[in-house]
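Worksheet: one structure, shown below.
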Amino acid sequence: MIVFGDSYTSTDFKPQKEQPSPTNPFGNPALPKSSSIDQKWIHYLTMTYNSSAIRTYNMANYGATMDGFVRFYHEHFMPHYGIANHTGAAGWNATNSLFATFFGINDVRRCTDQPLSKDDCGEIYASLFAIYGFLLEQLYTAGARNFLLLNIPPLDRMPFSRKWGHPVPPRAVAAWNAGLASLASDLSLRHADATVFLFDTHALFDEVIDDPKSYPQTSLYKNTTDNCEEYKSAGEKNDFDDVCGIQLEKYLWHDALHPTTAVHEAMAAQIAQMLEAGLMGRGGMGG
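Numbering follows full-length UniProt numbering, with no gaps: position 60 of the sequence shown is 60.
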């Protein structure tokens with residue numbers, strides 16, 4: 001897998017350092033402990049919900065917006081891995097690779113931090129999706145044929161939307177996700193030999209917030225609406241603070257913006273199921 005995204009995906013991979021291998025699927029840095037709160041969907045998809053050995057080249061970075069996608073593509077991907085059948089570090093080709101992108105959380109936050117226009121960030125989104133579409137085309141030209149696009153979770157239901165003074169309107173989130181769905185459909189229609197998967201992160205989070213027992217991985221959650229500030233710097237799933245009342249792993253939210261690891265695992269399980277059902281590499285649209 002070759003992955004682009006923000007803090008929901010980043011593992012702090014550096015392409016100049018140790019490369020992924022069958023025994024070290026992320027290359028660098030060292031993997032988080034199994035008890036760590038730092039395990040993300042990409043960890044679970046690579047190491048748990050997989051039917052074969054996977055190496056993951058993770059270009060994601062904390063705080064990334066669409067501008068970050070541009071930078072990671074030009075500075076990290078192209079110089080090191082940018083051509084299919086290349087004999088360099090990754091050695092990927094059209095049939096053995098999946099390109100995943102998970103952007104939009106920080107773009108929507110940036111837009112809604114300013115007074116919303118009546119078109120719900122429409123002009124801003126249009127320019128961002130033009131960049132997004134261009135970069136997906138560049139990946140296709142480089143040889144990518146299997147794409148996984150993730151839409152964004154319900155930012156309007158996250159603790160930060162209540163606490164930080166800039167509530168996110170649900171319509172701004174819906175508009176982003178609608179734009180991404182159109183982008184995925186357009187990519188699939190333009191290229192009959194490409195397989196495009198669109199994963200509905202938004203629906204999964206909605207279900208977990210409403211009923212954590214919606215997925216076995218999230219059934220331990222006791223609080224899905226708020227975070228406990230005392231856990232902001234915690235690193236272990238079973239950390240406990242009297243002020244918080246329950247262990248960290250029983251909160252959906254690690255902090256006001258980022259979730260704990262159980263929902264990441266639920267995402268990975270559902271993504272794996274979608275990829276398997278969609279028969280990756282057959283062409284067309286999945287999800």
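Just so it is clear, CB atoms sit at the ideal spot from N, CA and C, and this is done for glycine as well.
{"Check": "Three-state secondary structure (DSSP) of residue 124", "Outcome": "helix"}
{"Check": "Simplified DSSP state of residue 245, which is helix, strand or coil", "Outcome": "coil"}
{"Check": "Beta strand (DSSP E) runs contained entirely in the stretch 126–169, provided each spans 3 or more residues", "Outcome": "146–150"}
{"Check": "Bridge-paired residues (DSSP) for residue 302", "Outcome": "Examination of residue 302 is not possible in this model, given that the chain is present from 1 through 287 alone."}
{"Check": "Residue 219 versus 122, 274 and 205, residue with shortest Cα-Cα distance", "Outcome": "205"}
{"Check": "Neighbourhood of residue 139 by C-beta, 7 Å cutoff - its chain only, sequence neighbours within 5 removed", "Outcome": "99"}
{"Check": "Per-residue DSSP class, three states only, for residue 101", "Outcome": "strand"}
{"Check": "Nearest-angstrom Cα separation, counted from residue 162 out to residue 125", "Outcome": "23 Å"}
{"Check": "Contained alpha helix (DSSP H) runs [length at least 4] in the stretch 170–224, N- to C-terminal order", "Outcome": "170–190 and 201–210"}
{"Check": "Range covered by the beta strand (DSSP E) that runs through residue 240", "Outcome": "From DSSP, residue 240 is part of no beta strand (DSSP E); its letter is neither H nor E."}
{"Check": "Residue 202 classed as buried or exposed, judged by whether at least 16 other C-beta atoms fall within 10 angstroms", "Outcome": "buried"}
{"Check": "Residue 133 versus residue 180 - alpha carbon distance", "Outcome": "9 Å"}
{"Check": "Top-ranked residue by Cα proximity to residue 262, from 40, 51, 25 and 166", "Outcome": "40"}
{"Check": "Backbone CA spacing between residue 48 and residue 247 [nearest angstrom]", "Outcome": "24 Å"}
{"Check": "Rounded separation between residue 112 and residue 68 - CA only", "Outcome": "19 Å"}
{"Check": "Rounded separation between residue 42 and residue 145 - CA only", "Outcome": "20 Å"}
{"Check": "Three-way DSSP call (helix, strand, coil) for residue 57 in this model", "Outcome": "strand"}
{"Check": "Residue 94 to residue 224 span [Cα, whole Å]", "Outcome": "40 Å"}
{"Check": "Environment of residue 118 [buried if 16+ CB atoms lie within 10 Å]", "Outcome": "Confidence is the limiting factor: at residue 118 the pLDDT is only 48, short of 50, which leaves the residue's position unreliable and the question unanswerable from this model."}
{"Check": "Where residue 278 falls: helix, strand or coil (DSSP)", "Outcome": "helix"}
{"Check": "Rounded C-alpha distance that separates residue 30 from residue 2", "Outcome": "18 Å"}
{"Check": "CB-CB length for residue 55 against residue 10, believed under 8 Å", "Outcome": "The pair is not a contact, with the Cβ atoms about 17 Å apart (cut-off 8 Å)."}
{"Check": "Beta-carbon proximity check, residue 291 vs residue 53, cutoff 9 Å", "Outcome": "Nothing can be reported for residue 291: it is not among the residues displayed for the chain, which extend from 1 to 287."}
{"Check": "Burial state of residue 19 (16 or more Cβ within 10 Å)", "Outcome": "buried"}
{"Check": "Distance, residue 28 Cα to residue 276 Cα", "Outcome": "27 Å"}
{"Check": "Pair within 9 Å by beta-carbon distance, residue 251 and residue 222", "Outcome": "yes"}
{"Check": "Other residues of its chain near residue 288: CB distance less than 7 Å, five sequence neighbours each side excluded", "Outcome": "Residue 288 cannot be examined here, being either before or after the span of the chain that is shown, 1 to 287."}
{"Check": "Nearest residue (CA-CA) to residue 197, options 7, 208, 189 and 184", "Outcome": "184"}
{"Check": "Sheet register partners of residue 82 (DSSP bridge)", "Outcome": "Paired residue(s): none; residue 82 is not in a bridge."}
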